[in-house]
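Report on the following structure.
Number of protein chains: 2
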Amino acid sequence: MRRVPLDTEDASIEPQKRAERRSERSTGRRLRGAIAHYLGTAIVSGAIRPGERLTGEVANAEALDVSRSAYREAVRVLTGKGLVESRTKAGTIVQPRNRWNLLDPDVLAWAFSGEPDPAFIRNLFELRAIVEPAAARLAAERRDKDDIKAMRAALANMRRHTLATEAGRLADRQFHDAVLQATHNDTLVTLSASIGAAVAWTTQFKQRTRALPRDPVPDHARVSDAIAAGDADAAEAAMRALIDLALDDTRSAMNAAG
Amino acid sequence: MRRVPLDTEDASIEPQKRAERRSERSTGRRLRGAIAHYLGTAIVSGAIRPGERLTGEVANAEALDVSRSAYREAVRVLTGKGLVESRTKAGTIVQPRNRWNLLDPDVLAWAFSGEPDPAFIRNLFELRAIVEPAAARLAAERRDKDDIKAMRAALANMRRHTLATEAGRLADRQFHDAVLQATHNDTLVTLSASIGAAVAWTTQFKQRTRALPRDPVPDHARVSDAIAAGDADAAEAAMRALIDLALDDTRSAMNAAG
DNA sequence: ATCGCTAATTTGCCAGACAAGCGGCTAGCG
DNA sequence: CGCTAGCCGCTTGTCTGGCAAATTAGCGAT
Chain A
118 MRRVPLDTED ASIEPQKRAE RRSERSTGRR LRGAIAHYLG TAIVSGAIRP GERLTGEVAN
178 AEALDVSRSA YREAVRVLTG KGLVESRTKA GTIVQPRNRW NLLDPDVLAW AFSGEPDPAF
238 IRNLFELRAI VEPAAARLAA ERRDKDDIKA MRAALANMRR HTLATEAGRL ADRQFHDAVL
298 QATHNDTLVT LSASIGAAVA WTTQFKQRTR ALPRDPVPDH ARVSDAIAAG DADAAEAAMR
358 ALIDLALDDT RSAMNAAG
Chain B
118 MRRVPLDTED ASIEPQKRAE RRSERSTGRR LRGAIAHYLG TAIVSGAIRP GERLTGEVAN
178 AEALDVSRSA YREAVRVLTG KGLVESRTKA GTIVQPRNRW NLLDPDVLAW AFSGEPDPAF
238 IRNLFELRAI VEPAAARLAA ERRDKDDIKA MRAALANMRR HTLATEAGRL ADRQFHDAVL
298 QATHNDTLVT LSASIGAAVA WTTQFKQRTR ALPRDPVPDH ARVSDAIAAG DADAAEAAMR
358 ALIDLALDDT RSAMNAAG
């Protein structure tokens with residue numbers, strides 16, 4: 118059984134000892150996380166198709182040079198995201214795509230690690246276009262002082278940094294987070310984690326092809342002001358406009374790329 | 118160390134020959150599932166508060182009379198749902214509520230196993246009121262023959278059974294599933310699993326207090342017809358009306374209960 | 001052809017051990 | 001006296017090896 122290195126680089130050195138491979142693993146990342154990442158990207162990228170069966174635990178664990186328990190815990194993580202399902206005798210099989218939890222931050226990250234499907238990005242924006250304007254309306258009706266403060270802080274950070282920097286993308290994400298949070302609806306806040314990840318990945322994708330032509334701050338400021346003023350209609354409209362513009366940017370970036 | 122039975126009576130499975138194992142659990146359900154269920158309900162119900170630490174793996178595994186590996190895999194499941202986080206030396210601590218994945222079907226089930234929070238139910242309906250009308254609009258624009266067939270089949274099942282039966286609730290769920298599916302947007306389909314679970318639990322909650330006073334079939338039929346006809350405006354309006362009515366029923370059921 | 005039984009294969013679970021990471025304590029130093 | 005660096009011990013992380021359970025596939029009898 119061939120051995121597969123779990124960390125990205127290193128194709129030159131023959132893997133002799135586990136200690137060596139462990140040193141290449143970034144410090145905070147647990148081994149099972151690396152395994153889950155490896156298998157997850159393989160599945161999401163299509164290298165392993167739905168319906169296919171992963172080779173047995175013993176064989177696969179040995180191929181990755183990890184213990185069976187670590188491998189099993191990694192598979193358990195994937196099971197929780199709906200990517201695979203394990204049954205005795207049948208083995209662990211890759212689930213059909215409609216069972217995947219596409220809104221899970223990890224799955225999103227794996228999906229964007231390769232060349233993301235344009236249709237998938239369009240779908241993500243469609244979801245944002247449904248949820249975020251409605252959330253902005255609710256936020257305008259329910260926001261309190263802390264919510265406004267959080268929005269303003271995120272906006273200030275967006276002004277300070279640009280979207281080309283990691284800090285800028287984080288601020289963008291914080292802004293959308295703050296809006297969702299201001300709805301005071303726990304289920305929407307849960308969606309915030311997914312939508313936030315989608316925002317980050319799509320903006321990064323935009324940056325990949327060319328510099329962003331439009332300053333995003335005014336659009337965000339309009340949303341913020343409308344919510345702070347308690348104007349539900351204006352908040353919804355401003356958020357809708359913001360997402361439309363972001364979609365335009367992303368779409369043209371995709372066209373420019375290919 | 119006291120031992121806690123893990124049994125989760127399902128009451129629907131025929132009493133098979135049970136191997137005299139330590140802790141009886143219904144067939145098909147894996148041990149780690151029972152552990153995750155036990156810990157999950159304890160956390161979601163508030164018996165273990167956010168910030169608190171679970172007793173160590175060794176102690177807890179022994180208390181439940183399971184091996185440490187099975188216990189660890191259960192904890193890994195909870196980690197995937199955002200309920201806990203494990204760090205060496207610090208132990209596994211319960212995450213704050215806004216980190217929980219409240220849309221996960223299991224988490225929803227655990228939340229509804231006790232007395233569900235009325236505010237939580239209101240939030241779920243708010244989410245449905247945002248997503249499903251918009252989805253109905255998209256469905257009306259994009260549905261194909263198979264989508265219409267699936268909707269009609271679910272509707273027929275709703276007519277055959279009542280919402281008081283398990284089959285009826287399943288049909289209801291299939292209907293909403295079919296609508297989301299007809300959008301041909303993968304991310305919305307992902308939400309379908311969560312929303313479907315929410316629909317099932319809230320309808321069951323309605324039934325708990327009194328018989329449903331209103332026949333839900335005409336409302337659903339209006340949605341189905343509008344989508345089949347390709348009338349986006351009518352589909353959106355019909356779905357909005359449906360959810361409003363369902364919310365009314367649930368609200369009055371909650372008022373009657375307490 | 002159908003049913004029931006057996007065997008084989010794969011995951012599920014168990015037991016014990018050691019490694020790694022990390023929080024806190026303590027001793028040494030300025 | 002305050003502060004920092006290093007040690008200690010606690011908790012999770014991983015490894016090893018083995019056995020049990022479940023379920024599919026094949027086979028044989030009816």
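So the sequences go chain by chain: A and B.
All the letters of the first sequence, read from the start, carry residue numbers 118 to 375 under our numbering.
All the letters of the second sequence, read from the start, carry residue numbers 118 to 375 under our numbering.
Every residue gets a Cβ at the ideal spot worked out from N, C-alpha and C, and that includes glycine.
Asked                                                                                                                                                                   : Found
What in chain A is Cβ-close to B:F292, meaning under 9 Å?                                                                                                               : Within chain A, no residue comes near B:F292; the closest Cβ sits about 17 Å away, beyond 9 Å.
So, is A:S341 buried or exposed, given that buried needs 16 or more other C-beta atoms within 10 angstroms?                                                             : buried
If distances are taken between C-alpha atoms only, which option among B:E202, B:R147, B:L308, B:I360 comes closest to A:S203?                                           : B:R147
State yes or no: is the C-beta of A:L244 nearer than 7 Å to some heavy atom of the ligand GTP?                                                                          : The model on display carries no ligand, and the ligand GTP is accordingly not part of it.
Just the chain A side, please: which residues come within less than 9 Å of B:P259 by C-beta, in chain order?                                                            : A small correction: the amino acid at residue 259 of chain B is Arg; Pro does not occupy that position in the sequence shown. Correct list: empty, because the minimum Cβ distance to chain A is about 11 Å.
Between which two residues does the alpha helix (DSSP H) harbouring A:S162 extend?                                                                                      : No alpha helix (DSSP H) contains A:S162, which DSSP labels as neither H nor E.
Using the C-alpha atoms, what's the distance from B:D263 back to A:E243?                                                                                                : 22 Å
For a quick check, are the C-beta atoms of A:R189 and A:E174 less than 8 Å apart?                                                                                       : yes
Quick one: grab the DSSP three-state call for A:G173.                                                                                                                   : coil
Touch check for the region 265-278 of chain A and the region 243-252 of chain A: three-plus C-beta pairs under 8 Å?                                                     : no
Going by the beta-carbon positions, is the gap between B:R185 and B:A178 smaller than 8 Å?                                                                              : yes
Can you name the residues that DSSP bridges to A:I238?                                                                                                                  : DSSP lists no partner for A:I238.
Please list the terminal residues of the continuous alpha helix (DSSP H) segment that includes B:S341.                                                                  : 334-346
Any C-beta of chain B sitting closer than 8 Å to the C-beta of A:S140?                                                                                                  : Because the pLDDT of A:S140 is 43, which lies under 50, any placement of that residue in the model is unreliable, and the question is left without a value.
Just to confirm, is the Cβ distance from B:L195 to B:A252 under 8 Å?                                                                                                    : no
If the cut is a Cβ gap below 7 Å, which residues of chain A does B:L305 touch?                                                                                          : L244
Quick one: what does DSSP say B:V211 is sitting in, helix, strand or coil?                                                                                              : strand
Verify the CB distance criterion: does A:A363 have a CB-CB separation below 8 Å to chain B?                                                                             : no
What does the alpha-carbon distance come out to for the pair A:I344 and A:Q291?                                                                                         : 15 Å
For the region 218-243 of chain A, which residues have a beta carbon sitting closer than 8 Å to at least one beta carbon of chain B?                                    : N218, L219, L220, F237, N240, L241, E243
Is B:E353 helix, strand or coil by DSSP?                                                                                                                                : helix
Are the CB atoms of A:H337 and A:L364 within a distance shorter than 8 Å?                                                                                               : no
Between A:A164 and chain B, is there a C-beta pair that is closer than 8 Å?                                                                                             : no
Can you find a C-beta in chain A that's less than 8 Å from the C-beta of B:G150?                                                                                        : no
Is DSSP giving B:S203 helix, strand or coil here?                                                                                                                       : strand
Scan the region 274-323 of chain B and note each continuous alpha helix (DSSP H) run of 4 residues or more that stays entirely inside, going in chain order.            : 283-299
Looking only at its chain, what residues have a beta carbon closer than 7 Å to the beta carbon of B:A153, apart from the 5 residues adjacent to it on each side?        : A191, V194, L195
Tell me which residue opens and which closes the alpha helix (DSSP H) that B:W227 is part of.                                                                           : 222-230
Tell me whether B:N218 sits in a helix, a strand or coil according to DSSP, three-state version.                                                                        : coil
Spatial neighbours of A:V296 within its chain, please: CB distance less than 8 Å, with the 5 preceding and 5 following residues excluded, ordered by chain position.    : E249, A252, A253, A256, M268, V340, I344, M356
For B:E63, count neighbouring C-beta atoms within 10 Å of its own C-beta (all shown protein chains included) and say buried if the count is 16 or more, exposed if not. : The displayed coordinates of chain B run from 118 to 375. Any statement about residue 63 of chain B would go beyond what the structure contains.
Expressed to the nearest angstrom, what Euclidean distance is found between the alpha-carbon atoms of A:S140 and B:A349?                                                : Residue confidence for A:S140 is low, a pLDDT of 43 falling below 50, so the modelled location carries little weight; the figure read from the coordinates is stated next. Going from the Cα of A:S140 to the Cα of B:A349 covers about 57 Å.
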